[in-house]
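Asker: Going down the list, the sequences are from chains Y and L. So for the first sequence, our numbering puts the first residue at 795; every next one is plus one. So for the second sequence, our numbering puts the first residue at 3; every next one is plus one. Here you go, one structure.
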Amino acid sequence: MSSVDLLLPLLVAVPMLLSTVPIALGLRFDRTGWSVAALTTTALVAATTTLANVVYTDGVVTHKLGGWSPAYGIELVLDEFSALIAVLVAVTAAGVLAYTRVGGPRGNTFYSGYLLLTGGLLGISVTGDVFNLFVFLEIVGLATYAMIASGDGPESAVAALKYLILGTVGASMYLIGVGLIFMATGTLNMGVLAEVLPAAVERDPTLVRAGFAFVFVGFSMKVAQWPLHTWQPDAYQHAPDGVTPVIAALVSTAYAYAFGRLLYSVFGPEFLTSTPYLTELVVTVGCVSVVAGSALAVIQTDVKRMFAFSSVSQFGLIVAAYGLVTESAFIGATIHLVGHAVIKAGLFAAAGLIAINYDARTVDEYAGLADEHPIVAGTMALLLVSLIGIPPSAGFVGKWYIALGAVEAQLWPVAVVILFSTLLTLAYSARLLEKMYFTPATPLEAPHVSESVATDGGENEDDAETAAGADAANDGDAGARGGTDTAALEAITANRDRNTVSYGMLALVVATALLAISLGFAGGFLADLLDPSFITEVFN
Amino acid sequence: MIDAALDILASRYAYALLFVLLGTGLYMVIANENLVKKLIGVNLFQSAIFLFFIAMAYVDGRAPIIEGKSHGVGEIASPLPQVIVLTAIVVGIALTAVGLALIIRIYAEYGTLREDTLREVRADE
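Right, here's the structure in full:
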């Protein structure tokens, strides 16, 4: 127990330091990046789960960097809320590597960016200092811009530049907010801020409120709330297929986590409810994003772009839940953060897999996919069902808690918006499901395709892969990308000429689909992780 | 009323100027068609924030060099904002570098730095 807090700075420092290793080794060896990244992320999974275990049994773990008192120095904190996000970051970062080994952008510099991104995301999860949070926001931003720009086409550079400009302005807005709060209180530590803010509000409410406004606008931009979401669809669409899952699953999630952390641990529920029009504003922005994001998703033709707009709407739900300021809504937002991250990682990985192997990128090109490739289509369908929120799935539990929170807060319009968003999610998911399952590939040639011998062979192979994927999922997340995948990947290397989809990619997609479903059953468990200590501390 | 406004302007002129600078930067980001100038706008915007931090830490005392003996509140400037600004400048430079690299790549691909031309070129493809 005594030295476990030393793991906290290591969570951030190790991936950042090791991010230089692929470049350094790249001077002599060509393909070391993946191995370095895989080793590091596996170690991070071990470290975060160890820490999370300590947090959930013994309580909050803190570490004062350099021994400075928290009032001046930087403090790293892992509590019940952040432990969940840290584990999510480490597991997803490690899992997506199973995809990039064969399918993703190659090269040592890419893996340097990947490790930098992982370190930054873990930094966002564990930091207890509002300015330090800004630095990590920018580190994550930088790594993200670079990784988006690593796509093949020139479009990815344009998308990355657009994200860079908007993302920087968003982060700078947050910095102004930090400045105003610092003026009001004279401290940057989240824990200390929470104590001194009520007095500061009494002294000069305008300063703190202005600070909150800048923080809110900054994060609306970073989390991609309508109408500040415009960078997101371009960025997600033009990023390389191996990058989108990790960005879509983690980057916005970490930003949304940071926003929730500031709302509840720094400003506190009392400030939120006592400031006039504040909760109304947050809830409205969230609800408008839900409706606008879903409506825009319905009219998209590109699948990745459609999922990107879907993210706008799902994060709208989370922001609206933050604005409700009830215990159930907060639990719902947290569960939805985790659930959405898993679902989106799976969906984007599946979309990338389909794009690489079957060259289908638009909704129309998905026609007849279920006949030809039942496993991929099946997992995609499972993930879409989870996204809609049909009961035994991750999407359902989060929405259920948020709706419960809306009812508790007696905000009926929000409950209506949640129901309506489910319908709209159904609308765009159903388009894809209909194309995959009920539209023949090309009407005239369809009979030939279904009788072809090659397709049967493919199906048998796929069956074997499901078994492997299920086993991997049973072994836990570490297994899904650890030894089993590496072995499977080695075995498939010989087949690479014939088929660019590896077992690792398929196993990842299947594992996330199963995880998305099982998280639905584990929803109560997730709520229990937060409930006893964190929720009571925040809300009372 | 006017007296009060003048009073605020006289004592808080730094903030007023900085927010003008902030607005100029933001306007450049939004309205300028040239990508490099957009990036300069982002820099201007950030510089205004840095100056804002410096301005709020300023006191009529001395530089924040602590030499063992204690000082009263308001005698020395708070060192924290200065450290913050140093860090933020480093972050800003990294961002500018990445942004310029992206702009070079865009120029190599499309042969233009203007956003409106870029939009036309991309629409044609």
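Every residue, glycine too, gets a C-beta built ideally from N, C-alpha and C. Given the structure is predicted, the values throughout are model-derived calculations rather than measurements.
Please report whether the beta-carbon of GLU111 (chain L) lies at a distance below 8 Å from any beta-carbon of chain Y.
Answerer: yes
Asker: Short of 6 Å in beta carbon distance, which residues of its chain neighbour LEU41 (chain L), apart from the five on each side in sequence? Order them along the chain.
Answerer: GLY101
Asker: So, is GLU1284 (chain Y) buried or exposed, given that buried needs 16 or more other C-beta atoms within 10 angstroms?
Answerer: Because GLU1284 (chain Y) carries a pLDDT of 46, less than 50, the predicted location of this residue cannot be relied on, and the following value inherits that uncertainty. The residue is exposed, with fewer than 16 neighbouring Cβ atoms inside 10 Å.
Asker: Quick one: which chain Y residues come within Cβ less than 7 Å of MET58 (chain L)?
Answerer: Simply GLY973, MET977.
Asker: When the cut-off is 8 Å and only beta carbons count, does ARG107 (chain L) lie next to chain Y?
Answerer: yes
Asker: Helix, strand or coil, according to DSSP, for VAL123 (chain L) in the structure here?
Answerer: helix
Asker: May I ask you to list the residues that DSSP assigns as paired with GLU989 (chain Y)?
Answerer: According to DSSP, which records beta bridges pairwise, GLU989 (chain Y) is partnered with nothing at all.
Asker: What's the C-alpha gap between ILE918 (chain Y) and LEU931 (chain Y)?
Answerer: 7 Å
Asker: On the criterion of 16 or more Cβ atoms from any shown chain inside 10 Å, does TYR60 (chain L) qualify as buried, or is it exposed?
Answerer: Answer is exposed; the Cβ neighbour count stays below 16.
Asker: Below 8 Å, can you find three or more Cβ-Cβ pairs linking the stretch 1146-1160 of chain Y to the stretch 10-21 of chain L?
Answerer: Not touching, per the Cβ criterion.
Asker: List, in chain order, every chain Y residue whose beta-carbon is nearer than 7 Å to that of THR119 (chain L).
Answerer: Residues of chain Y passing the Cβ test: none, with the nearest at roughly 12 Å.
Asker: Do ALA1043 (chain Y) and ALA954 (chain Y) have their C-beta atoms within less than 8 Å of each other?
Answerer: No, Cβ-Cβ distance for ALA1043 (chain Y) and ALA954 (chain Y) is not below 8 Å.
Asker: TYR866 (chain Y) CB to nearest chain L CB: under 8 Å?
Answerer: yes
Asker: Assuming contact is defined by CB atoms lying nearer than 8 Å, are LEU969 (chain Y) and PHE928 (chain Y) in contact in what I supplied?
Answerer: Using a Cβ distance threshold of 8 Å, LEU969 (chain Y) and PHE928 (chain Y) count as a contacting pair.
Asker: Short of 7 Å Cβ to Cβ, which residues in the stretch 913-946 of chain Y face chain L?
Answerer: PHE925, VAL929, GLU932, LEU936, TYR939, ALA940, ALA943
Asker: So who's on the other strand from VAL855 (chain Y), going by DSSP bridges?
Answerer: Y:LEU872
Asker: Output yes or no for whether 8 Å exceeds the beta carbon distance between LEU104 (chain L) and ALA943 (chain Y).
Answerer: yes
Asker: Taking only the alpha-carbon atoms, compute the straight-line gap between PHE52 (chain L) and LYS1016 (chain Y) and give it to the nearest angstrom.
Answerer: 20 Å
Asker: Unbroken alpha helix (DSSP H) runs of length 4 or more, entirely within the stretch 897-977 of chain Y: which are they?
Answerer: 902-920, 924-943
Asker: Using 8 Å as the cut-off, can you tell me whether the stretch 843-857 of chain Y makes contact with the stretch 795-805 of chain Y, which would need three or more C-beta pairs spanning the two stretches below that distance?
Answerer: A contact between stretches requires three or more CB pairs, one per stretch, nearer than 8 Å, and the stretch 843-857 of chain Y meets this requirement with the stretch 795-805 of chain Y.
Asker: So which residues on chain Y does THR131 (chain L) lean against when the C-beta distance must stay under 8 Å?
Answerer: The structure shown does not extend to residue 131 (chain L), since chain L is modelled only from 3 through 127, so no value can be given for it.
Asker: Does the beta-carbon of SER1246 (chain Y) have 16 or more other beta-carbons within 10 angstroms, so that it is buried, or is it exposed?
Answerer: A caution first: SER1246 (chain Y) carries a pLDDT of 39, below 50, which makes its placement in the model unreliable, though a value can still be read off. SER1246 (chain Y) is classed as exposed because its beta carbon has fewer than 16 other beta carbons within 10 Å across all chains shown.
Asker: Can you tell me whether DSSP reads GLY1252 (chain Y) as helix, strand or coil?
Answerer: Because GLY1252 (chain Y) sits at a pLDDT of 41, beneath the cut-off of 50, its placement in the model cannot be relied upon, and the following sentence gives the value as read from the coordinates. Helix, per DSSP.
Asker: Express the C-alpha separation of TYR1116 (chain Y) and VAL1179 (chain Y) in angstroms, rounding to a whole number.
Answerer: Whole-angstrom Cα-Cα distance: 25 Å.
Asker: Would you list the residues sitting across from VAL1096 (chain Y) in a DSSP beta bridge?
Answerer: For the record, residue 1096 (chain Y) in the displayed sequence is Asp; it is not Val. ASP1096 (chain Y) pairs with Y:THR1156.
Asker: At what residue ranges does the stretch 1015-1081 of chain Y contain a whole run of the alpha helix (DSSP H), taking only runs of 4 or more?
Answerer: 1025-1032, 1046-1055, 1062-1068
Asker: Since I believe ALA1310 (chain Y) is in contact with VAL1136 (chain Y) (beta carbons under 8 Å), could you give me their beta-carbon distance rounded to a whole number of angstroms?
Answerer: 5 Å
Asker: Considering only the beta carbon of each residue, do TRP1025 (chain Y) and LYS1098 (chain Y) sit closer than 8 Å?
Answerer: no
Asker: Just list the alpha helix (DSSP H) runs in the stretch 1153-1226 of chain Y, keeping only unbroken ones of 4 residues or longer that don't cross its boundaries, in chain order.
Answerer: 1163-1166, 1168-1182, 1188-1202
Asker: Show which residues of chain Y have a CB atom less than 7 Å away from the CB atom of LYS40 (chain L).
Answerer: For LYS40 (chain L), the chain Y residues whose Cβ falls inside 7 Å of its Cβ are ILE959, in order along the chain.
Asker: Measure the beta-carbon distance from PRO81 (chain L) to PHE55 (chain L) and round it to whole angstroms, keeping in mind my assumption that it falls under 8 Å.
Answerer: PRO81 (chain L) to PHE55 (chain L), Cβ: 12 Å. No contact.
Asker: I'd like to know if ALA951 (chain Y) contacts chain C, where contact means its C-beta is closer than 8 Å to some C-beta of that chain.
Answerer: The structure shown contains no chain C; its protein chains are Y and L.
Asker: Just to confirm the assignment, what range does the alpha helix (DSSP H) spanning THR26 (chain L) have?
Answerer: Where THR26 (chain L) is concerned, the enclosing alpha helix (DSSP H) stretches over 4-33.
Asker: Got a sec? Which residues, its chain only, sit under 7 Å from GLY113 (chain L) by beta carbon, not counting five neighbours each side?
Answerer: none
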